[in-house]
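There are 2 protein chains.
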Amino acid sequence: MQLWGNIKEHMTRSEENYIKTIFHLGGNTATPIATNAIAEQMQTKPSSVTDMARKLADKGLVHYKKYQGVSLTDFGIKTALSIIRKHRLWEVFLVEKLDFSWDEVHEVAEQLEHIKSEKLIDKLDELLGHPKYDPHGDPIPTKDGNFMVRDKQLLSEMPLKSIGVCVGVKDTSTTFLKFLDKNNIALGNTIQVLEKEDFDMSLYIQVEDRKLNISHQIASNLYVKKND
Amino acid sequence: MQLWGNIKEHMTRSEENYIKTIFHLGGNTATPIATNAIAEQMQTKPSSVTDMARKLADKGLVHYKKYQGVSLTDFGIKTALSIIRKHRLWEVFLVEKLDFSWDEVHEVAEQLEHIKSEKLIDKLDELLGHPKYDPHGDPIPTKDGNFMVRDKQLLSEMPLKSIGVCVGVKDTSTTFLKFLDKNNIALGNTIQVLEKEDFDMSLYIQVEDRKLNISHQIASNLYVKKND
DNA sequence: ACAAATTTTTAGATTTGTCTAAATTTTAAT
DNA sequence: ATTAAAATTTAGACAAATCTAAAAATTTGT
Numbered sequence: 039m040q041l042w043g044n045i046k047e048h049m050t051r052s053e054e055n056y057i058k059t060i061f062h063l064g065g066n067t068a069t070p071i072a073t074n075a076i077a078e079q080m081q082t083k084p085s086s087v088t089d090m091a092r093k094l095a096d097k098g099l100v101h102y103k104k105y106q107g108v109s110l111t112d113f114g115i116k117t118a119l120s121i122i123r124k125h126r127l128w129e130v131f132l133v134e135k136l137d138f139s140w141d142e143v144h145e146v147a148e149q150l151e152h153i154k155s156e157k158l159i160d161k162l163d164e165l166l167g168h169p170k171y172d173p174h175g176d177p178i179p180t181k182d183g184n185f186m187v188r189d190k191q192l193l194s195e196m197p198l199k200s201i202g203v204c205v206g207v208k209d210t211s212t213t214f215l216k217f218l219d220k221n222n223i224a225l226g227n228t229i230q231v232l233e234k235e236d237f238d239m240s241l242y243i244q245v246e247d248r249k250l251n252i253s254h255q256i257a258s259n260l261y262v263k264k265n266d
Numbered sequence: 039m040q041l042w043g044n045i046k047e048h049m050t051r052s053e054e055n056y057i058k059t060i061f062h063l064g065g066n067t068a069t070p071i072a073t074n075a076i077a078e079q080m081q082t083k084p085s086s087v088t089d090m091a092r093k094l095a096d097k098g099l100v101h102y103k104k105y106q107g108v109s110l111t112d113f114g115i116k117t118a119l120s121i122i123r124k125h126r127l128w129e130v131f132l133v134e135k136l137d138f139s140w141d142e143v144h145e146v147a148e149q150l151e152h153i154k155s156e157k158l159i160d161k162l163d164e165l166l167g168h169p170k171y172d173p174h175g176d177p178i179p180t181k182d183g184n185f186m187v188r189d190k191q192l193l194s195e196m197p198l199k200s201i202g203v204c205v206g207v208k209d210t211s212t213t214f215l216k217f218l219d220k221n222n223i224a225l226g227n228t229i230q231v232l233e234k235e236d237f238d239m240s241l242y243i244q245v246e247d248r249k250l251n252i253s254h255q256i257a258s259n260l261y262v263k264k265n266d
């Protein structure tokens, strides 16, 4: 019978996945997330989400009122950041230490993120040199839950002639990442917008020393940081 | 509808734990293992073991006849070796790359061994330089399931005056491993049996350049390889 | 060999996470 | 402001993995 017994309770894999999904859908703000949206994202049914919402609310991880959707509590946000930290550190490990390519890491990191050992993550972070970004350019939360929010914008929104550095991808699907590999576009590359085609909104760009055409769809999934 | 559809079926964490336990209890031989023994080892009830025995038999992993105990099939042995390989490789990783001490690795490796990715394990093996033994001196099965069985013996069974190298521990409990650390006994150390005490079977030994007394209990949990 | 002790299995219940189908609530449209 | 549409919840079911208590089989002791 301990006073703060519920602080470090066991979280199941499923609970952790729900928390992560809610966070990614924007549930870190006060705006509640719809049951349907969560169900769709998690490839499950709304009724299952309702059940889990109750359980997570009981555990103090989310705010939940019937028919009103869920949003993360402060504790829920902390929990989400801890899971995301683990996921992204493992992604860095896979790419940096085990030569995975950036389109191969997600599935494995989805499993590794649920391993429970604080020491493991601290040491992994140390081994990797406390990386700030994962292989897709997404920021890695620090141990105390701080985010490096980088001021970045979509390549599709860059003004003509402006120059920037590629710092991330919005779409992390295998097909998109493989496309980038094939076209030799990688994080860290310098990109300049040479021309914009009004008709289909495609861009003519220069990546390092190469010139190429990319569709609007591509440009709107690449994050660029303006030259600072 | 594929011909060999049941070869790579999904194994749950629980199934994997049963297979591993059966293997460790000696189920790799033809000798069947008793339901009770498995239940005790796994901290569960015999009735649960019966249920699982049926399921594993259905999947072709064990031989099972009512009231007769279970033994692994060839496929079951292959599966067990694959899990043990993963467990031990992760243990090496934790010690070599993340500075874990040998008494801290077991719990985390128990989780990591269930991560599913062939590439992950292949690459990890490569990163670690294809180690043959884990931090406790236990052999790591190769990808195709081969075991390096080292000719070793318990320190307690070494003849007087004989010299050997410490190559493993039988008991891997935290208390035992911490005791060894405290007494500066590590794998690779050269050990000579100087005297044997008839009364309590304790040993007076030399470890590298230090002399010390150890109880029979200690000596019967340390593996030594005779100087070759 | 036969009764007693032990081991193992069965039967039925529980928990977690999921589902379907029906009912309810909210939102949107006219 | 009603009603139709959409979203959400409830109720009841299921599979996996476990448990308890009782029944059945095996082993052991004399």
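Line by line, the protein sequences give chains S and L.
Residue numbering for the first sequence follows the numbering used here, starting at 39 and increasing by one per position.
Residue numbering for the second sequence follows the numbering used here, starting at 39 and increasing by one per position.
C-beta atoms are modelled at their ideal positions from N, C-alpha and C, and glycine is treated no differently.
Check                                                                                                                       : Outcome
Helix, strand or coil at Asn44/L [DSSP, three-state]                                                                        : For Asn44/L, the predicted model reports a pLDDT of 43, less than 50, meaning its position is unreliable and no value from the coordinates is stated.
Residue range of the unbroken alpha helix (DSSP H) whose run includes Glu129/L                                              : Asp112 to Glu134
Contact under 7 Å by Cβ, Leu193/S with Leu260/S                                                                             : yes
Within 7 Å, strictly: CB atoms of His152/L and Glu54/L                                                                      : yes
Distance CB(Lys58/L)-CB(Ala118/L) smaller than 7 Å                                                                          : yes
The alpha helix (DSSP H) enclosing Glu151/S, as first and last residue numbers                                              : Taken as a continuous stretch (DSSP letters only), Glu151/S belongs to no alpha helix (DSSP H), as it is neither H nor E.
For Ile159/S, the first and last residue of its enclosing beta strand (DSSP E)                                              : Premise fails: Ile159/S lies in the alpha helix (DSSP H), Glu156 to Leu165, not in any beta strand (DSSP E).
Cut-off 8 Å between Cβ atoms - residues of its own chain near Ala77/L, not counting five sequence neighbours on either side : Lys83, Pro84, Ser86 and Val87
Beta-carbon proximity list for Leu94/L, same chain, < 6 Å, skipping 5 on both sides                                         : Val100
Inter-stretch contact at 8 Å, needing at least 3 Cβ pairs: the segment 170-188 of chain S / the segment 110-125 of chain S  : yes
Top-ranked residue by Cα proximity to Arg51/L, from Pro169/L, Glu148/L and Ile229/L                                         : Glu148/L
7 Å Cβ cutoff, Leu192/L in contact with chain S                                                                             : no
Alpha-carbon spacing of Val143/L relative to Leu218/L, whole angstroms                                                      : 16 Å
Sheet register partners of Ile256/L (DSSP bridge)                                                                           : Ile256/L pairs with nothing; no bridge assigned.
Secondary structure of Lys97/S, DSSP reduced to three states                                                                : coil
Straight-line gap, Trp140/L to Thr213/L (C-alpha atoms, nearest Å)                                                          : 11 Å
Ile159/L burial status per 10 Å Cβ neighbour count (16 or more: buried)                                                     : buried
DSSP beta-bridge partners of Ser109/L                                                                                       : His101/L
C-beta atoms of Ile241/L and Ala257/L nearer than 7 Å                                                                       : The question names Ile, but residue 241/L is Leu in the sequence shown. Yes.
9 Å Cβ cut-off: residues of chain S touching Val146/L                                                                       : Ile153, Lys154, Ser155, Lys157 and Leu158
Chain S within 7 Å of Leu165/L, Cβ atoms only                                                                               : yes
Where Arg188/L sits in the DSSP three-state scheme                                                                          : coil
Simplified DSSP state of Lys58/L, which is helix, strand or coil                                                            : helix
Endpoints, beta strand (DSSP E) assigned at Ile76/S                                                                         : It is not in any beta strand (DSSP E) - Ile76/S instead sits in the alpha helix (DSSP H) that spans Thr73 to Gln79.
Inter-stretch contact (C-beta, 8 Å, three-pair minimum) for the segment 103-110 of chain S and the segment 61-72 of chain S : yes
Pick from Ser253/S, Asp236/S and Leu198/S that is closest to Gln230/S, judged by C-alpha positions                          : Leu198/S
Minimum C-alpha distance to Lys154/S - residue among Lys104/L, Val146/L and Ala91/L                                         : Val146/L
Chain L contacts made by the segment 121-143 of chain S, where a contact means CB separation under 8 Å                      : Leu132, Lys135, Leu136, Asp137, Phe138 and Glu142
Backbone secondary structure at Gly206/S - three-state DSSP                                                                 : strand
Beta-carbon neighbours of Leu162/S, restricted to chain L and to distances below 7 Å                                        : Leu136
Residues that Leu94/L contacts on chain S, provided the C-beta gap is smaller than 7 Å                                      : Neighbours of Leu94/L on chain S: none; closest Cβ ~22 Å, over 7 Å.
Unbroken beta strand (DSSP E) run spanning Lys234/L, endpoints                                                              : Thr228 to Lys234
is_contact[Gln106/S, chain L] using C-beta, thresh 7 Å                                                                      : no
Contacts of Leu215/L in chain S (Cβ-Cβ under 9 Å)                                                                           : Near Leu215/L there are no residues of chain S at all, since even the closest Cβ is about 16 Å away, more than 9 Å.
Contacting residues, own chain, Cβ-Cβ under 7 Å from Gln79/L (five flanking each side not counted)                          : Thr59 and Leu63
Residue from Leu165/S, Asp163/S and Val203/S whose Cα sits closest to the Cα of Gly175/S                                    : Val203/S
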